[in-house]
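Only one structure is covered here, and it is reproduced in the block below.
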Amino acid sequence: LKIRHLLYTERFTIEGARARLRELGHDEGAPPPVPPPDISIEMLKKLKQGLVELARMVED
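Residue numbers (my numbering): 25 to 84.
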């Protein structure tokens with residue numbers, strides 16, 4: 025949407041619009057990226073063990 029505005033409303037060339045977007049950096053309207061959840065090694069081991077047990081139950 026921002027590129028369309030620059031091209032049609034502001035009358036930028038394609039190269040000019042690209043340069044302007046680089047100047048502005050990231051899309052200001054987009055939400056910030058969500059950081060990955062903080063999962064400990066111990067939590068992952070418990071999860072793996074639960075999945076192993078579940079797989080054994082399904083096999084039987």
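Built from N, CA and C at the ideal position, the CB exists for glycine as well. For clarity, every value in this text was computed on a predicted model and none was experimentally measured.
(request) Within 10 angstroms of the Cβ of Leu30, are there 16 or more other Cβ atoms? Answer buried if so, exposed if not. (result) Start at 1 with the first residue of the sequence shown, and residue 30 comes out as number 6. Buried is the call here.
(message) Taking a contact to mean a Cβ-Cβ separation below 9 Å, would you say Leu45 touches Lys69 in this structure?
(response) Here residue 45 is taken as the residue at index 21 of the sequence shown, counted from 1. Here residue 69 is taken as the residue at index 45 of the sequence shown, counted from 1. Contact flag unset, no.
(request) Output the distance between the C-alpha atoms of Glu66 and Pro60, rounded to the nearest integer angstrom. (result) Here residue 66 refers to the residue found at position 42 when the sequence shown is read from its first residue. Here residue 60 refers to the residue found at position 36 when the sequence shown is read from its first residue. Whole-angstrom Cα-Cα distance: 17 Å.
(message) Tell me the rounded alpha-carbon separation between Thr37 and Pro55.
(response) For the purposes of this step, residue 37 is taken as the residue at position 13 of the sequence shown. For the purposes of this step, residue 55 is taken as the residue at position 31 of the sequence shown. Going from the Cα of Thr37 to the Cα of Pro55 covers about 28 Å.
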